[in-house]
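*Asks:* Can you keep this structure in mind? I'll have questions shortly.
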Amino acid sequence: MSFVDRAGLSVATELADFIEAQVLPPLGIAPAGWWAGVADIFARFAPENAALLAKRDALQAAIDAHYAAGGAVDEAFLRSIGYLVPEPAPFKIGTENVDAEIATMAGPQLVVPILNARFLLNAANARWGSLYDALYGTDALPGAAKYGGYDVERGAQVIAAAKAFLDQAVPLDGCNGWTDLSTADDIDVFLTDRSQLIGRAGQSYLFKHNGLHIEVGIDYDHPIGKNDPAGISNVILESALTTICDLEDSVAAVDAEDKVAAYANWLGLMRGDLEETFEKGGKPLTRRLNPDRTYTAPDGTAFTLPGRALLFVRNVGHLMTTPAVKLPGGGEAPEGILDAIVTSTIALHDLRGLGRYRNSRTGSVYIVKPKMHGPEECGFTNRLFDAVEDLLGLARHTVKVGVMDEERRTSANLSACIEAVKGRIVFINTGFLDRTGDEIHTAMAGGPVIPKAAMKASDWISAYEDRNVRVGLACGLSGRAQIGKGMWAAPDRMADMVAQKIGHPMAGANTAWVPSPTAATLHALHYHQVDVFARQREIAGEAVPPLAKLLSVPFAGGRNWTPEEVERELDNNAQGILGYVVRWIDQGIGCSKVPDINDIGLMEDRATLRISSQHIANWLKHGVCTAEQVDAAFARMAAKVDAQNAGDPLYRPMAGDPEGLAYQAARALVFEGAAQPNGYTEPLLHKYRALAKARG
């Protein structure tokens, strides 16, 4: 990288060029003043960022030492070292100017890697999805479509299921439901609740149920509609209300080139002109953002609904630094601070109405902040966002924050964390995967933990999930912010998702993560089945689970595993590590569907990697396995992962090549795992990816 001086900062030339040529000119912001403000923010906040990271290390060292001395790492001890802070007095958040998709609607949420423009556009456009397509092409219904064109039998199965859904969500009186309609005009005749019909688009009907829209397409000339007595050609559901454009766990961004590519895609979304051309079926296809949808209300007035999901941007956490900007002393700048400044500046294009479409109609910028440890770090983020607002001339709390409740110290101090950002918080979300990785690392010195698959049945998990909802409700998030649940990681197992993920709205969460637009459409069914805000009112009076249950550690006790059990656990973890890391290091893919040890495709990102690497590191530390057994597992699983990727022309085989960078990175994540800060995988991944890029 080449660098230029900007207000005493050494800035990678390509980043400076991007900011000065593409971001600032349409905003009428002078580069010199902007860079001076940026330098001031780094000068004020970089030292505090470093001090907060040092406190993480000091707390972990105190916990490790206490375990080593045979002490109990209980609530009293954690309070004595400042890990736990006093509960704040009862309060309610005061967040204002929040878009309805976050505050008063309940529905699915997508998370998408910001570096992949095609996926990014798909996710942004996933606000609306065809229920017919989602049912036809997945295992959500028994069986599967036959190859070779439209399968009439499968189509009939799909249509019956979709009409059964309509019978529940938009009931009819005086006929035998939607299957009994003889003409589209009968919809007007038999509709039970006239208030549900809120608009028309041509012949199609727009309904509303539980705050979500349902469009019933009517087209007698359509291949499906012409064979339907009422001409119903499709059922379109409002699906992904919100999408998180991710700069963090799902991307591999290690230098200025990567950061500029990520920021450019965010700018394309804010301007509304992001496009991606690719080949499908042998023909070029260009994907763009969908326009808004236009309807006519029953009184004859025209109105529009957003054609796209409301977009968050997830910045990186406090840990990592970036070589794209160097501070006056020569050290790398904190990446999370750079993200806050640049993504907010880019969002000004939306706030000022400079784009083709509007993202926030209330004039807000939505940033998800991951991997914060405790209320001090949340307070730091709050003051950082204050400074960014001042730099950009924005009113206080224009920049909203989503707090990922995915670290042990945050979940144990959740009320205090929310209080630290109470004027701008719009989101709390459980992240089981990172939370499990942090659980293992925090207790690394205490003893061996139970097998990975058994973690979900641990006492702390249920307390964690329940506390997140109940603390959020007690702090007044209902009607102002999202209370979220985590990802369904198996994109090919939609039948299981439809059966199980209804538990998220039933738990009082008004959003939950899904791995694809299709999954968003199917998960939207759950928000028609459950009135989430009614559930929140029911739950609001329930007691918050005790802290002691949350702090119970999933130690294995004195259990002795058989050699076969150890080998099976090591193979499972090693295969997952290798399958993900090889794409990260060699191809720069931060999130993808990776076949597991049983060849089932699972969405993998750094959070899943954190669990697997920390788990083996824990067992290695406590003698459950040996270094030789771990290396044998890596050797076996390298061959398996090679076979699973045999059809990828960009794949570099690992078996028999222990000097390969991807293989070295995988081993380092385990053998250096106990020493990694909070068990995070980013430092080692970035190191080896940078080496891979340097080698070309």
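Position one of the sequence shown corresponds to residue 546 (this note's numbering), numbered consecutively onward. Ideal Cβ placement from N, Cα and C applies to all residues, glycine included. Every value quoted in this text rests on a predicted model; they were computed, and no experiment measured them.
Quick one: which unbroken beta strand (DSSP E) runs of 3-plus residues sit fully inside the segment 1062 to 1093? Chain order, please.
*Replies:* If we require 3 residues or more, the segment 1062 to 1093 turns out to have no beta strand (DSSP E) run fully inside it.
*Asks:* Please check the pair residue 680 and residue 707, which I expect to be a contact at CB under 8 angstroms, by giving their CB distance rounded to whole angstroms.
*Replies:* Indeed they touch by this definition, with Cβ atoms about 7 angstroms apart.
*Asks:* So is residue 549 buried or exposed if we call it buried at 16+ other beta carbons inside 10 Å?
*Replies:* Exposed, by the Cβ-count rule.
*Asks:* Between residue 1154 and residue 1125, how many whole angstroms is the CB-CB distance? I'm expecting something under 8 angstroms.
*Replies:* 5 angstroms
*Asks:* Sorted by chain position, which residues of the same chain lie with C-beta nearer than 8 angstroms to residue 664's C-beta, five sequence neighbours on each side aside?
*Replies:* 657 and 658
*Asks:* List the endpoints of the continuous alpha helix (DSSP H) containing residue 1108.
*Replies:* 1108 to 1132
*Asks:* For the beta strand (DSSP E) that contains residue 546, what are its first and last residues?
*Replies:* Where residue 546 is concerned, there is no enclosing beta strand (DSSP E), given that its DSSP letter is neither H nor E.
*Asks:* Identify the continuous alpha helix (DSSP H) that holds residue 920 and give its terminal residues.
*Replies:* 919 to 937
*Asks:* Could you give the first and the last residue of the continuous alpha helix (DSSP H) run that contains residue 1033?
*Replies:* Taken as a continuous stretch (DSSP letters only), residue 1033 belongs to no alpha helix (DSSP H), as it is neither H nor E.
*Asks:* Rounded to whole angstroms, how far is the Cβ of residue 1060 from the Cβ of residue 651, which I believe are closer than 8 angstroms?
*Replies:* In fact, because the Cβ distance is near 19 angstroms, the residues do not count as touching under 8 angstroms.
*Asks:* Would you mind working out which of 1123, 746, 1213 and 1221 sits nearest residue 1180, comparing C-alpha positions?
*Replies:* Of the candidates 1123, 746, 1213 and 1221, the residue whose Cα lies closest to the Cα of residue 1180 is 1123.
*Asks:* Buried or exposed: residue 947, going by 16 or more other Cβ atoms within 10 Å of its Cβ?
*Replies:* buried
*Asks:* Taking 9 angstroms as the threshold (C-beta atoms), are residue 972 and residue 1031 in contact?
*Replies:* no
*Asks:* Looking at the unbroken alpha helix (DSSP H) that takes in residue 781, where does it start and where does it end?
*Replies:* Not the alpha helix (DSSP H): residue 781 falls in the beta strand (DSSP E), residues 777 to 783.
*Asks:* Quick check: residue 988 and residue 628, are their CB atoms within less than 9 angstroms of each other?
*Replies:* no
*Asks:* Kindly list the residues whose CB is nearer than 6 angstroms to the CB of residue 1075, restricted to its own chain and excluding five residues on each side of it in sequence; keep chain order.
*Replies:* 1050 and 1051
*Asks:* With distances taken Cα to Cα, identify the nearest neighbour of residue 854 among 993, 911 and 1223.
*Replies:* 911
*Asks:* Taking the alpha carbon of residue 553 as the reference point, which residue from 1105, 577, 786 and 567 has its own alpha carbon closest?
*Replies:* 577
*Asks:* Distance check for residue 1117 and residue 1141, CA to CA, integer angstroms please.
*Replies:* 8 angstroms
*Asks:* Give the single residue among 1120, 654 and 1146 whose Cα lies nearest to the Cα of residue 1200.
*Replies:* A check of alpha carbon separations from residue 1200 across 1120, 654 and 1146 identifies 1120 as the nearest.
*Asks:* Excluding the five sequence neighbours on either side, which residues of its own chain have a C-beta within less than 7 angstroms of the C-beta of residue 1148, listed in chain order?
*Replies:* Once the five neighbours on either side are set aside, the close Cβ partners of residue 1148 are 1032, 1034, 1036, 1060, 1136 and 1138.
*Asks:* Strictly by DSSP, which residues pair up with residue 555?
*Replies:* 550 and 871
*Asks:* Pull the bridge partners of residue 653 from the DSSP assignment, please.
*Replies:* Residue 653 pairs with nothing; no bridge assigned.
*Asks:* If you drop the 5 nearest sequence neighbours on each side, which residues of the same chain put their C-beta closer than 7 angstroms to that of residue 1210?
*Replies:* 1126, 1130, 1229, 1230 and 1233
*Asks:* For residue 1183, collect the residues of the same chain with a Cβ closer than 7 angstroms to its Cβ; drop the 5 residues on either side in sequence, then sort them by chain order.
*Replies:* 1123, 1199, 1200 and 1208
*Asks:* By Cβ distance below 7 angstroms, which residues in the same chain neighbour residue 1187 in space, the five residues on each side in sequence not counted?
*Replies:* 1198, 1199 and 1200
*Asks:* Could you name the residues of the same chain whose beta carbon sits closer than 6 angstroms to that of residue 902, not counting the 5 residues immediately before and after it, in chain order?
*Replies:* Cβ within range, chain order: 817.
*Asks:* Do you know how far the Cα of residue 1206 is from the Cα of residue 1010?
*Replies:* 38 angstroms
*Asks:* Quick check on residue 895: buried or exposed, where buried means 16 or more other Cβ atoms within 10 Å of its Cβ?
*Replies:* buried
*Asks:* Does the contact criterion of 3 or more C-beta pairs under 8 angstroms hold for the segment 556 to 564 versus the segment 909 to 927?
*Replies:* The segment 556 to 564, when compared against the segment 909 to 927, does not touch it at the 8 angstroms Cβ threshold.
*Asks:* By how many angstroms is the C-alpha of residue 1101 removed from the C-alpha of residue 1022?
*Replies:* When rounded, the distance between both Cα atoms is 37 angstroms.
*Asks:* Have a look at 636, 673 and 633 and flag the residue whose alpha-carbon is nearest the alpha-carbon of residue 1069.
*Replies:* 673
*Asks:* Could you tell me whether the Cβ atoms of residue 960 and residue 1026 are closer together than 9 angstroms?
*Replies:* Taking 9 angstroms as the Cβ cut-off, residue 960 and residue 1026 do not qualify as a contacting pair.
*Asks:* Would a C-beta distance cut-off of 9 angstroms place residue 1237 and residue 1162 closer than the cut-off?
*Replies:* no
*Asks:* Confirm, please, whether the CB-CB distance from residue 782 to residue 1259 is below 9 angstroms.
*Replies:* As shown, the chain starts at 546 and ends at 1241. That puts residue 1259 outside it, with no answer to give.
*Asks:* Thinking C-beta only, is residue 1172 closer than 9 angstroms to residue 1112?
*Replies:* Not a contact, by the Cβ cut-off of 9 angstroms.
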